[in-house]
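Asks: One structure is given below, represented as structure tokens, and several questions about it will come after.
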Amino acid sequence: MKETKKRTLVPTDKSDADRRTTLYLTNNRSSQQDEIKELIRAKKEHNKGKKFKSRKNPPHFCKRNRIAYLDYQDNQLKKVTFSHIPCNSWTCPDCQMTKALTVKYHLRDIIVLNDLLYFLTLTLDPQKIPPEYTDNTHKFITKIFNHFITVIKRKKFEYFHRGKNRYYSFHLKTQELKLKYVWVIEFQKNGNAHLHILFNKFLPIDVICKVWEHVGGGVMMRIEKVKTLQGISNYITDYIVKGIKHDKKNVSYLRFNQRRYSVSRSCTRPRRSLQKAEGKNTLPRWVYNTIKSFEYEEKEIIL
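The letter at position 126 of the sequence shown is residue 126 when you use the UniProt record's numbering, and the numbering goes up by one with no holes.
And the structure:
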């Protein structure tokens with residue numbers, strides 16, 4: 001049988017050999033992380049439907065585990081750097097702002113990549129909100145927005161253009177370019193929600209008004225073509241960060257498991273690729289572990 005070599009890391013202190021924890025060179029987290037995921041899933045189910053509020057202190061598993069960055073050069077391990085793994089939770093006071101900024105930059109990339117040039121704001125009419133949704137306008141506005149998108153995509157509309165003094169037909173099914181959008185939710189001081197949406201194509205305002213009022217929305221709305229993608233992407237994604245600031249003050253109108261933003265399936269997502277450093281053949285690898293700080297050295301094990 002042919003001998004194979006496996007490269008691993010072991011403590012330099014021989015007295016700590018019994019305390020050695022296996023390091024897995026994989027993108028999947030260890031069994032300890034799987035247990036934490038089960039706890040998080042159970043907690044989410046328990047909090048479902050309750051009003052959202054931030055924790056006073058980070059959860060016990062936040063930054064408990066650590067991650068090792070293994071830097072290779074010329075296929076040789078040269079450096080190992082450790083850092084703590086955050087919980088990346090919206091409720092964690094230490095991680096929620098970092099997560100909000102990560103989402104902000106991710107949405108900004110999607111907006112620029114898909115040319116979402118048309119900015120639309122949709123509001124609610126307080127007189128049309130059913131009694132069961134008065135304390136949960138997020139659920140109501142997202143429900144009727146999904147209905148709005150379905151109607152816009154399927155039906156054919158006739159509308160009158162006042163500037164050209166003639167009628168036009170509008171039917172998305174006959175257009176080659178698929179409808180793409182990103183929305184971010186914002187709450188007014190009275191708790192009513194409204195949506196800030198970016199589309200990749202123009203929708204006639206007469207059609208929007210007709211359909212939005214039909215599904216139960218308000219009459220206050222506007223659509224306009226933005227001047228720059230960078231400017232509007234920064235503007236709309238700032239509401240994610242603004243919502244976190246409200247959460248910290250415990251004035252959030254969100255409920256647990258409710259979305260702060262949404263991206264249509266038709267949108268192209270930016271690719272995440274490993275980039276090589278200039279002039280170096282750097283191949284980063286991820287290792288998850290629960291060990292306490294050891295000093296490591298490279299060692300070859302013959303299996």
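Idealized CB from N, CA, C, for every residue including glycine.
To the nearest angstrom, report how far apart P86 and G231 are at their CA atoms.
Replies: Computed Cα separation, rounded: 30 Å.
Asks: So what does A193 bridge to, in DSSP terms?
Replies: F187
Asks: Quick one: using the 10 Å Cβ neighbour count with 16 as the cut-off for buried, is T134 buried or exposed?
Replies: exposed
Asks: Taking the C-alpha atoms as reference points, what is the distance between E300 and M97?
Replies: Bear in mind that the predicted position of E300 carries a pLDDT of just 34, short of 50, making it unreliable; the figure below should be weighed with that in mind. Using only the alpha carbons, I get a separation of about 42 Å.
Asks: Ignore the nearest five residues each way along the sequence and tell me which others in K48's own chain have a CB closer than 7 Å to its CB.
Replies: The residues are F256 and N257.
Asks: If L195 and I141 are in contact, beta carbons under 8 Å, what's the gap, nearest whole angstrom?
Replies: 6 Å
Asks: Indicate the three-state DSSP secondary structure (helix, strand or coil) for I301 in the structure shown.
Replies: Its pLDDT being 28, under 50, I301 is placed unreliably by the model, and nothing is read from it.
Asks: Quick one: any contact between the segment 118 to 127 and the segment 202 to 215, if contact means 3 or more CB pairs under 8 Å?
Replies: yes
Asks: Between which two residues does the beta strand (DSSP E) containing K78 stretch?
Replies: For K78, the uninterrupted beta strand (DSSP E) run begins and ends at Q76 to H84, by DSSP.
Asks: Does the segment 258 to 273 touch the segment 179 to 189, meaning 3 or more C-beta pairs lie closer than 8 Å?
Replies: Yes, they touch.
Asks: For R55 and N88, what's the separation of their Cα atoms in angstroms?
Replies: 13 Å
Asks: Measuring CB atoms only, is the segment 264 to 271 touching the segment 102 to 114, in the sense that at least three cross pairs come out at less than 8 Å?
Replies: yes
Asks: Between the Cα of G216 and the Cα atoms of C62, E45, D125 and R41, which residue gives the shortest distance?
Replies: D125
Asks: What does the Cβ neighbour count give for L254, buried or exposed, with the cut at 16 atoms within 10 Å?
Replies: buried
Asks: Could you pull out every residue in the same chain whose Cβ sits closer than 7 Å to the Cβ of C92, ignoring the five residues on either side in sequence?
Replies: R55, P58, P59 and C62
Asks: What runs of the alpha helix (DSSP H), each 4 residues or longer, lie entirely inside the UniProt domain "Replication-associated protein ORF2/G2P" (118 to 243)?
Replies: Whole alpha helix (DSSP H) segments, 4+ residues: 137 to 154 and 205 to 215.
Asks: Out of curiosity, what's the CA-to-CA distance linking A42 and E35?
Replies: 11 Å
Asks: Taking a contact to mean a Cβ-Cβ separation below 8 Å, would you say K152 touches L177 in this structure?
Replies: At residue 152 the sequence reads Ile, which differs from the Lys that was named. Not in contact: I152 and L177 (Cβ atoms no closer than 8 Å).
Asks: My assumption, with CB atoms under 8 Å, is that L179 sits in contact with F202. Please give the rounded CB distance.
Replies: That pair is no contact at about 11 Å.
Asks: Between K78 and Y69, is the Cβ-Cβ spacing less than 8 Å?
Replies: no
Asks: From which residue to which residue does the alpha helix (DSSP H) around R108 run?
Replies: Going by DSSP, R108 is part of the alpha helix (DSSP H) stretching over Q96 to L113.
Asks: Check for me: the beta strand (DSSP E) holding R66 runs from which residue to which?
Replies: R66 to Q73
Asks: By the three-class DSSP mapping on this structure, what secondary structure does R41 have?
Replies: helix
Asks: May I have the straight-line CA-CA distance separating A100 from R162, to the nearest angstrom?
Replies: 42 Å
Asks: Between the C-alpha atoms of H106 and T237, what's the straight-line distance to the nearest angstrom?
Replies: Straight-line measurement puts the Cα of T237 at about 9 Å from the Cα of H106.
Asks: Within 10 Å of its beta-carbon, does L116 have 16 or more other beta-carbons around it, so buried, or fewer, so exposed?
Replies: buried
Asks: DSSP beta-bridge partners for R255?
Replies: K51
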